[in-house]
Structure formats: C-alpha cells, structure tokens
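Under the working numbering, think of the first position of the sequence shown as 232, with each following residue one higher.
Don't be surprised by glycine CBs; every beta carbon is placed ideally from N, CA and C.
Please read the structure below before turning to the comments.
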Amino acid sequence: MGVADGMREAVFRKMHASALCMFQGATGGLQVATTAKERPGRPECAGRLVTLCAIAPSRGHGPPPMKVIRSRAPLRLGLAGGGTDVSPFSDLHGGHVLNATIDLYAHTILEPREDGKLVLIACDREEQVVLDAHAPIVDDDPLRLHRGIHRRVVQDFNDGKPLSCTVTTFADAPAGSGLGTSSTMVVSVLQAYAEWLKLDLGEYELAQLAYQIEREDLAMAGGKQDQYAAAFGGFNFIEFGADGRVLVNPLRVKAWIINELEASTLLYYTGQSRESARIIEQQIHNTREAKADAIDAMLALKADASSMKEAILRGDLERYPGILGRSWQAKKRMAAGITNPLIEQVYESAIDAGAHAGKISGAGGGGFMMFFVSPAQRLDVVRALSHFPGELMNFHFTPYGAQSWAIG
Numbered sequence: 232m233g234v235a236d237g238m239r240e241a242v243f244r245k246m247h248a249s250a251l252c253m254f255q256g257a258t259g260g261l262q263v264a265t266t267a268k269e270r271p272g273r274p275e276c277a278g279r280l281v282t283l284c285a286i287a288p289s290r291g292h293g294p295p296p297m298k299v300i301r302s303r304a305p306l307r308l309g310l311a312g313g314g315t316d317v318s319p320f321s322d323l324h325g326g327h328v329l330n331a332t333i334d335l336y337a338h339t340i341l342e343p344r345e346d347g348k349l350v351l352i353a354c355d356r357e358e359q360v361v362l363d364a365h366a367p368i369v370d371d372d373p374l375r376l377h378r379g380i381h382r383r384v385v386q387d388f389n390d391g392k393p394l395s396c397t398v399t400t401f402a403d404a405p406a407g408s409g410l411g412t413s414s415t416m417v418v419s420v421l422q423a424y425a426e427w428l429k430l431d432l433g434e435y436e437l438a439q440l441a442y443q444i445e446r447e448d449l450a451m452a453g454g455k456q457d458q459y460a461a462a463f464g465g466f467n468f469i470e471f472g473a474d475g476r477v478l479v480n481p482l483r484v485k486a487w488i489i490n491e492l493e494a495s496t497l498l499y500y501t502g503q504s505r506e507s508a509r510i511i512e513q514q515i516h517n518t519r520e521a522k523a524d525a526i527d528a529m530l531a532l533k534a535d536a537s538s539m540k541e542a543i544l545r546g547d548l549e550r551y552p553g554i555l556g557r558s559w560q561a562k563k564r565m566a567a568g569i570t571n572p573l574i575e576q577v578y579e580s581a582i583d584a585g586a587h588a589g590k591i592s593g594a595g596g597g598g599f600m601m602f603f604v605s606p607a608q609r610l611d612v613v614r615a616l617s618h619f620p621g622e623l624m625n626f627h628f629t630p631y632g633a634q635s636w637a638i639g
C-alpha cells in the first residue's frame, strides 16, 4: 500500500468511525461498544468516539421518544474571487465571488432532552461538553462555536428561555481544509435548530445569522461567502457591498458543463490544515494600510470572478483554466503565507504531468487544492500527486443548500 493509499484508508476509517458515533449516539436505541476491542476490525478511534457519543441520549423508560433532527449543509469550492468578500475590502471596493457546492457536508444531529442539560459533541474533533441549559452559556472552549450558536438561538428565538438538547456534529472534511468547513457547520447547526423550533428562516436570513454569530458574536476572522454558499447551494455568483449588503445570483449552468467540470477537476488534500484566520488578518491589515500590491491583487481576483462566471455560463472551458491560473498568481500577492514550498511543489508536479491550471481553495496555506486537467490526462496527474503525502478526494457538484428533516 502506497503513502497516498494509506492516508486515504486512514481518513476513510476515521470518517466512518465519526459517522458511526454520530448516528448511534443520537438514536439512543442501539447497543454500542465502548472500546475498540469490542468491535473487531474497527479502528482504535472508533471505540473512543462511540464512548464519547453514547452518553448523549437522555431517554429512559419514560414518555415516547421525541423526534430527532438531522441536518446537513454542503461545503464549497472557491472558484474565483475568494478574499474579496472580506471587510474592509468588500466595503471599500465591493467583492465578487464565484463558488460551487459539492457533496461533502457538515452534519448535525439535534436531540431534545428532558433533563435540563445541554450536551455538545463534535465527533470528528473528539470534543464534548456537558452544560446546565438553565445557566448562562459562557463564551469558552471547548466547542466555543457550538456554544455561541446555542446562546444566540436561545436569545433570538426562545425569549431567553433554556433549551435542553444534545447537539452532535461532524464534517466530511477537516477544519482548515479550505472548503469553508467551520462556517458551513454554523449553517448546518442553525438549520437543525430551525427545524426543531419551526423557524421560518430563508436562505438569506440563515446565512446572515450564521455570519453574525461567527464574525460578530465570536469575532472570528473571515469573509461572508461560505455562509451564503452553504445556505443556497449550487453555483453562485455573489456580490458583496458596503454595510453588509450581499446579493446571491444563482447560476443556471447546463448539465453538460457541470459534467465536464467534474470530469476535468481534481480535488487534492495537501494533508496540511491551516489557521485561515492568520492569513485573513494579514489581508485585512494590507487593505487598511492601503498596500497597493495586495489591493491590486484583490481587484484582479474580483475581475476574474466575473470572467469565470461568463466562461462557465457559456461553456467556454478553454478559457476557464487561464482564468484559474491567473487567479492563483494574483491570490499569492494578497498576503504572506498563502503558499509554501509543499504547495508549490505539488502545483508544479501537477502542471508538469499535464494539468492546465490549479489553485488553493480557501484562504491558502494548506487544505485542498483543485486542478483543471483534460480527462485523458487525469491519471497522469493522479500518479504525479501520489508521490506527495496527501490524498485525492472524489466529489460531485450539488445544487442543494442546507437541508433538515425529523425522524422518530
């Protein structure tokens, strides 16, 4: 088994264990093992994760089970314009972003409780906190993001009255992957609360609330595109203006164009997650200091988003890789840390093997890279990338935004 195959197997096994933990822990009716030895053939982390989630159910021999809420929101590929959605650039110059959601998700299970507890679980991070739902929810780790979401929901939608529940989450990609995982998770969790409390939240309201919780309530650095991509789903050209103005333009992309983009795109995880906040904070600093090179780069990215939108809508996929490559060169001028020696080596190897262009998805510094390659040369690029300690991820574009449903 090669390095890439080994990593792929390890990632698959951990994700499978997280999914097993999440669904068993939320149903409350399944007998689950508490150690890896009790489940022959399962990875060691499975025992820990199942133990972590298995304490969550609050039901005993009392009333009939309450409904369990499930939700998911799609992660996204940043095709062009990423970074221009970050204030103060978007306030001063306006931002344009083109992104598309894929069939990797941030998942949530919400189970009402009757014991006055608030149990927050992130299976993929192996973190859990048990709180008193009647006490003030302190802004603290672990699971600071989960706490902030619950606190805002109680404040805005339940008249400050406590909500007792178990919230279990996991994502199909790690935080820091460049696919908008953290912001998408906020949308997913909010969608579960909306299903539970019967809240009439449209896509704009859902995305705006997610943005407010993450960027304003918790002061986490970042932009606006991820929340709107997760809420709306599909291919979207999003405009960002002053005073928080956001306009989402869903694109009607023909099926053959989507199929060709899927066939021609390789999604490669570098194996390095990164702290996007540091890169974004430098980008913000560069804008405030009016550093000409960084601002010129962001203006170029904004223009590229419009150009790529036109190329995709017209099916001009000969023009597409030129825009992709140009955007990558401009992006590297926005802030330090967007690229590094490993990223450059991976990029050059893919290009030498036949890829037409590529770029980082997200703020940069690691996470996922995407490459545009002729389907006939796809395996050549796959072989070239197999020499690096990362993994290729299969995906499909999805037209659906955040979804939720009740079971039981």
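Item, Value
"Measure the alpha-carbon distance for G391 versus A425 and round it to whole angstroms.", "16 Å"
"Beta-carbon within less than 6 Å of A329's beta-carbon, same chain only, minus the 5 sequence neighbours each way: which residues are those?", "For the sequence presented, residue 329 should be read as Leu rather than Ala. Closer than 6 Å at the Cβ level, and outside the excluded window around L329, lie L310, A311, G312, F468, A536, M539, K540."
"So the beta strand (DSSP E) M600 belongs to, where does it begin and stop?", "599–603"
"Check for me: the beta strand (DSSP E) holding D363 runs from which residue to which?", "358–363"
"Where does W487 land, buried or exposed, given buried means 16+ other C-beta within 10 angstroms?", "exposed"
"Do G409 and G568 have their C-beta atoms within less than 8 Å of each other?", "no"
"Measuring straight from C-alpha to C-alpha, what distance separates Y459 and Y435?", "7 Å"
"Under a Cβ-count criterion, where at least 16 other Cβ atoms within 10 Å of its own Cβ denotes burial, should A494 be classed as buried or exposed?", "exposed"
"Using the Cα positions of M529 and K485, report the straight-line distance between them to the nearest angstrom.", "29 Å"
"Which residue from H327, G379, L482 puts its Cα closest to that of M184?", "Examination of residue 184 is not possible in this model, given that the chain is present from 232 through 639 alone."
"Out of curiosity, what's the CA-to-CA distance linking L478 and D431?", "20 Å"
"Just curious, the beta strand (DSSP E) that I543 is in, first and last residue?", "That residue, I543, is in no beta strand (DSSP E); its alpha helix (DSSP H) goes 523–545."
"Are I352 and T399 close, meaning C-beta to C-beta below 8 Å?", "yes"
"DSSP state of I368, grouped into three classes?", "coil"
"Any idea what DSSP makes of T332, helix, strand or coil?", "strand"
"Suppose contacts are defined by Cβ-Cβ distances below 8 Å. Is D316 in contact with K522 by that definition?", "no"
"Tell me which residue opens and which closes the alpha helix (DSSP H) that F463 is part of.", "456–463"
"Residues in its own chain within less than 7 Å of D448 by CB, not counting five upstream and five downstream?", "G379, R383"
"Let me know the secondary structure DSSP gives Y435 once reduced to three states.", "helix"
"How about M326 and K533: do their beta carbons lie closer than 8 Å?", "Checking the displayed sequence, the identity of residue 326 turns out to be Gly instead of Met. Yes."
"When you compare each of W559, V299, D371, P572 to A450 by their alpha carbons, which one comes out closest?", "D371"
"Return helix, strand or coil for S177, following the three-state DSSP convention.", "Residue numbering for the chain in the displayed model covers 232 to 639; residue 177 lies beyond these limits and cannot be assessed."
"Does DSSP put K562 in a helix, in a strand, or in coil?", "helix"
"Do you know how far the Cα of V360 is from the Cα of G546?", "49 Å"
"List the DSSP bridge partners of T399.", "I340, I352"
"Which residues in the same chain as S302 place their Cβ atom closer than 6 Å to its Cβ, once the five residues preceding and following it in sequence are excluded?", "T339, S419, Q422, A423, S635"
"Looking at the secondary structure, which residues open and close the beta strand (DSSP E) in which Q634 lies?", "634–638"
"So, using beta-carbon positions, are G595 and T570 closer together than 8 Å?", "yes"
"Just to confirm, is the Cβ distance from P405 to S504 under 8 Å?", "yes"
"Does the distance from the CB of L544 to the CB of L482 come in under 8 Å?", "yes"
"In chain order, what residues of the same chain have a beta carbon less than 8 Å from the beta carbon of G585, not counting five sequence neighbours either side?", "V604, S605, Q608, D611, V612"
"Hey, could you find the ends of the alpha helix (DSSP H) L421 is sitting in?", "412–428"
"When you compare the CB positions of F628 and I511, do they come within less than 8 Å of one another, or not?", "no"
"Just how far apart, CA to CA, sit R279 and H365?", "Legend: pLDDT at R279 = 32, less than 50; position of this residue unreliable, value from coordinates given subsequently. Looking at the two C-alpha atoms, the distance is approximately 29 Å."
"Classify V299 as buried or exposed, calling it buried when 16 or more other Cβ atoms lie within 10 Å of its own Cβ.", "buried"
"Count the other C-beta atoms from every protein chain shown that fall within 10 angstroms of the C-beta of P620, then say buried if there are 16 or more, exposed otherwise.", "exposed"
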